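Just below is one structure, and these are the notes that go with it.
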Amino acid sequence: MLILYATLTPGKSLPSSSLFRFDKLIHLIIFGTFAWLVLRGFYIKITNHKPTSLTGLYLVVGISIIAFGIAIEWMQNYIPDRSADRYDVIANTSGIILAQILFYATHRNN
């Protein structure tokens, strides 16, 4: 819900901060964290900490969250003082992929 609020709030309603100069880094961190949390939740549910192939999980989570990020960017075209940005999609996707790589690296032996 925080992601939706932050990305779909009209532009004039957003607080001004020097942090927003690092917009793409923020996208990467937020979507990476979201992907990590979703992976972690499903990992615990699916594997119950038993060795299991997680290829399908990585694909479904990755594609779903990437689609979510693209949908948000598309919706921003209809929000006052907001606009879609393909570089935001790239930053979102980079965060998701990075989270998946880190998750795999930390859970591959479990």
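For the sequence shown, this note's numbering assigns the number 1027 to the initial residue and increments by one for each residue that follows.
Just so it is clear, CB atoms sit at the ideal spot from N, CA and C, and this is done for glycine as well.
All of these numbers come straight from a predicted model, not from anything done at the bench.
Using a Cβ-Cβ cutoff of less than 8 Å, which residues in the same chain neighbour residue i once the five nearest sequence positions on both sides are dropped?
{"i": "residue 1124", "result": "1054 and 1058"}
So, is residue i buried or exposed, given that buried needs 16 or more other C-beta atoms within 10 angstroms?
{"i": "residue 1118", "result": "buried"}
{"i": "residue 1100", "result": "exposed"}
{"i": "residue 1086", "result": "exposed"}
{"i": "residue 1083", "result": "buried"}
{"i": "residue 1107", "result": "exposed"}
Near residue i, what residues of its chain come up, given a Cβ to Cβ distance below 7 Å and the 5 sequence neighbours on each side ignored?
{"i": "residue 1129", "result": "1062 and 1065"}
{"i": "residue 1049", "result": "none"}
For residue i, which of the options has the nearest alpha-carbon?
{"i": "residue 1111", "options": "1091, 1071 and 1095", "result": "1095"}
{"i": "residue 1104", "options": "1035, 1027 and 1029", "result": "1035"}
{"i": "residue 1133", "options": "1060, 1120 and 1070", "result": "1070"}
Grab me the residues of residue i's own chain with a C-beta within less than 6 Å of its C-beta, minus the 5 sequence neighbours each way, in chain order.
{"i": "residue 1120", "result": "1054"}
Continuous beta strand (DSSP E) assignments of at least 3 residues falling wholly in the region 1110-1134: If we require 3 residues or more, the region 1110-1134 turns out to have no beta strand (DSSP E) run fully inside it.
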